[in-house]
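Numbering (our numbering), first residue to last: 93 to 328.
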């Protein structure tokens with residue numbers, strides 16, 4: 093009987109092993125312990141292997157939300173031309189007040205001129221013209237200044253000064269007599285060609301003037317003198 097009992101135990105163990113192989117996840121059934129007088133030797137329990145727990149799947153990423161396109165920058169406003177402010181006009185420097193015209197200087201010069209003090213008169217005329225180049229008596233002072241040189245036979249200076257009268261005051265009543273005295277100064281220097289040209293200019297430019305009448309008379313006298321000169325006979 094003991095042998096049959098052992099055989100049965102082996103069979104049960106084999107069945108248990110096969111069942112355990114078929115179901116590896118189930119722990120094997122523990123056979124009941126049989127208490128005996130002598131310490132029973134129990135078979136060592138087979139330690140159940142811990143089940144491998146698969147890690148929980150990571151939570152699915154939320155569906156990507158559509159990315160809104162970046163707003164396009166607003167259209168640039170048309171540039172407004174910036175005009176620099178116009179600076180205020182520069183203040184003009186105050187001009188010095190005009191020097192009061194001292195007509196007495198001219199009058200003193202004329203007084204000396206009539207007394208034939210030509211050098212002293214010339215100094216007064218020069219002083220007046222320096223102080224008042226556009227004074228009310230500038231024309232007369234310029235003419236008498238030239239005349240002082242002419243009357244003193246300073247012909248070169250007289251020619252220059254009379255020319256200033258004609259250049260600065262060509263429409264004045266003193267321009268024709270200034271030209272006539274200039275012509276006479278050239279004649280006194282022996283420059284008859286220039287003398288004749290100036291006489292013709294006086295007649296052409298100032299035909300109604302007294303100087304033009306004198307110029308015509310001088311031209312006629314010259315023509316008469318040349319006609320009265322006997323022609324030279326060749327061979328004599």
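Ideal Cβ placement from N, Cα and C applies to all residues, glycine included. In this text the structure is predicted, and so the values were computed from the model without any measurement.
Which value, in whole angstroms, describes the spacing of the CA atoms of residue 231 and residue 200? Using only the alpha carbons, I get a separation of about 16 Å.
Flag this pair as touching only if the region 255 to 274 and the region 293 to 312 have three or more C-beta atom pairs under 8 Å; answer yes or no. Three or more Cβ pairs drawn from the region 255 to 274 and the region 293 to 312 lie within less than 8 Å of each other, which places the two stretches in contact.
How far does the alpha helix (DSSP H) with residue 193 in it reach, from first residue to last? Neither: residue 193 is in no alpha helix (DSSP H) and is coded neither H nor E.
Buried or exposed for residue 259, going by 16 or more other Cβ atoms inside 10 Å? exposed
Closer than 7 Å by C-beta to residue 280: which residues in its own chain qualify, once you throw out the five before and the five after it? Chain order, please. 247
Cβ-based burial, residue 245 [other Cβ within 10 Å; buried from 16]: Counting the other CB atoms within 10 Å of its CB gives residue 245 a total below 16, which places it among the exposed residues.
Using three-state DSSP, classify residue 281 as helix, strand or coil. coil
Between residue 264 and the rest of its own chain, which residues show a CB-CB distance below 8 Å, the 5 nearest in sequence each way excluded? 231 and 257
Distance, Cα to Cα, residue 317 vs residue 205? Spanning the alpha carbons of residue 317 and residue 205 requires a straight line of approximately 35 Å.
Is it the case that the Cβ atoms of residue 227 and residue 235 are separated by a distance below 8 Å? no
Burial state of residue 195 (16 or more Cβ within 10 Å): Of the other Cβ atoms in all chains shown, fewer than 16 fall within 10 Å of the Cβ of residue 195; this residue is therefore exposed.
Could you tell me the alpha carbon to alpha carbon distance between residue 315 and residue 238, rounded to whole angstroms? 30 Å
Please name the residue, chosen from 267, 222, 313 and 251, that lies closest to residue 300 on a Cα-to-Cα basis. 267
What does the alpha-carbon distance come out to for the pair residue 213 and residue 294? Straight-line Cα distance between these residues: approximately 28 Å.
Grouping DSSP H, G and I as helix and E and B as strand, with all else coil, what is residue 215? Helix at residue 215.
Does residue 305 come out as helix, strand or coil in the three-state DSSP assignment? In this structure, residue 305 counts as helix in the three-state DSSP scheme.
Cβ-based neighbour list, residue 240, same chain, cut-off 8 Å, excluding 5 preceding and 5 following: Non-local C-beta neighbours of residue 240 in its own chain, meaning closer than 8 Å and more than five positions away in sequence, comprise 205, 210, 211, 213, 214 and 217, ordered along the chain.
Nearest neighbour of residue 203, chosen from 225, 298, 233 and 297 [CA to CA]: 233
Rounded to the nearest angstrom, how far is the Cβ of residue 261 from that of residue 229, given a contact under 8 Å? About 12 Å separates the two Cβ atoms, so there is no contact after all.
Given that a residue counts as buried once 16 or more other Cβ atoms are within 10 Å of its Cβ, and exposed if not, what is residue 291? buried
Collapsed DSSP secondary structure at residue 266 in the structure displayed: coil
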